[in-house]
Amino acid sequence: MFNDKVVFLTGGTGSFGKKFTEVLLKRYKPKKVIIYSRDEFKQFEMSKVFNDKCMRYFIGDVRDKDRLLRAMEGVDYVVHAAALKQVPAAEYNPMEAIKTNILGANNVIDAAIEQGVKKVVALSTDKAVNPVNLYGATKLAADKLFIAANNIKGSRDIKFSVVRYGNVMGSRGSVVPLFLELASKGAKKLPITHPEMTRFWITLEEAVRFVMMAFETMQGGEIFVPKIPSMKITDLAKAIKPDAEFEIIGIRPGEKLHETLISQDESHNTLEFKNYFTVLPSILLTGSPKYEVNRWGEKGKKREFGFSFTSKNNPWWLTIDELKERLKGLS
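Under my numbering, residues 7 to 337 are what the sequence shown spells out, in order.
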């Protein structure tokens, strides 16, 4: 899939970008891997780990369309991971989030079309589903832009799709590092926002492999959603520190009690496959892609009206012992 291809990652020095690069270099022989981001120090640090001949490090911002146009010359595939992701920061700096997450996404689309890119996969979030904060609203808008881009491309041979998943366990901003740090310091209490809170579990490795799968089977316009397990936050805390007491601190501004990856409003456009769902576009796209069968010949099952996929109604739950085993894999 990626052999002898030029792959371009926006926000490439982030947690996802580094793991994607690691897996990409292990599994494939790309012609070139371009890391596009704003932070020269992070690029310097990353270049010490990933210094293969195919690696390129470009300083740039997705807000800068001219720079994107120059940087994407000769690119085959784009992974769009750049975003302002911190919910409180977006609430206090709304226009900055809009400039990066919405206008920046549009710049990526325009540059990809103009430079003859073949496939673009944008990373989304559960927070884009029925958003209750500005970050989620900007990601919803970005998702709509990437889906509609399949119409504005004209006759060009390019496809745009979206991958949607929840918080990545063990990444920056995840509760796992916080719990582990507190436990290592001998804390007797762990902060819990709400005793009923649930979350999906996905690791960076799983997220990367799912994005790579999306590149293989995408026809353009789909939102890919992985089938992943759920957990209770209290069970996660017990898995990390069995004797810990809980300090209930309350749900933070913009935070949801449960994660939603597919809403009831999307149910009539949802197909279920063995390991994932696809949410089909609600608008008619040029060429009328046939989404019902994937590249491996598996036929998707149309979900019933009213279906939803949330961390609360998920049939797949992790026990405390299973969480302990998965936490070992994060170290």
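All C-beta atoms in this analysis are idealised placements derived from N, C-alpha and C, irrespective of residue type, glycine included.
Around the C-beta of Thr292, fewer than 16 other C-beta atoms lie within 10 Å, and the residue is accordingly described as exposed. By the neighbour-count definition (other C-beta atoms within 10 Å, threshold 16), Trp302 is an exposed residue.
Listed as beta-bridge partners of Tyr297 by DSSP are no residues whatsoever. Judged by DSSP in its simplified three-state form, Ala220 adopts helix.
When DSSP states are grouped into helix, strand and coil, Ile153 belongs to the helix group. Restricting attention to beta strand (DSSP E) runs no shorter than 3 residues, the stretch 174-257 encloses them at 195-198, 204-206, 229-232, 236-238 and 251-254, ordered along the chain. Within the same chain, Cβ atoms closer than 8 Å to the Cβ of Arg44 are found at Ile65, Gly66 and Asp67, the five residues on either side in sequence being excluded.
DSSP assignment within the stretch 99-131 yields the following whole beta strand (DSSP E) runs of 3 residues or more, N-terminal first: 125-131. In the DSSP annotation of this structure, Leu30 is not part of any beta strand (DSSP E); the continuous alpha helix (DSSP H) holding it starts and ends at Ser21 to Arg33. Short of 8 Å from the beta carbon of Val182, and not among the five residues preceding or following it, lie these beta carbons of its own chain, in chain order: Met175, Gly176, Leu242, Ile246, Leu333 and Leu336. Here the alpha carbons of Ile164 and Asn156 stand approximately 8 Å from one another. Lys48 and Gly23 have their C-alpha atoms spaced approximately 11 Å apart.
Excluding the 5 residues flanking it on each side, Gly142 has same chain C-beta neighbours closer than 6 Å at Lys133 and Ala134, in chain order. With a contact defined as Cβ atoms closer than 8 Å, Thr284 and Phe230 qualify at about 6 Å. Annotation for Arg73: no beta strand (DSSP E) segment contains it, though the alpha helix (DSSP H) segment containing it runs Lys71 to Ala77. For Phe47, the enclosing alpha helix (DSSP H) has its first and last residue at Glu46 to Val55. For Lys11, the closest C-alpha among the options Asp82, Glu28 and Ile104 is that of Asp82. In this structure, Cys60 is the residue among Ala95, Lys194, Ser314 and Cys60 with its C-alpha nearest to the C-alpha of Phe14.
Straight-line measurement puts the Cα of Phe206 at about 12 Å from the Cα of Pro321. For Lys334, the enclosing alpha helix (DSSP H) begins and ends at Ile326 to Leu336. If the five residues before and after Ser269 are omitted, its C-beta is found closer than 8 Å to the C-beta atoms of Val135, Asn136 and Ser314, all from its own chain and listed in chain order. With 16 or more other Cβ atoms inside 10 Å of its own Cβ, Ser317 counts as buried.
Put simply, the backbone Cα of Ile153 is about 31 Å away from that of Trp323.
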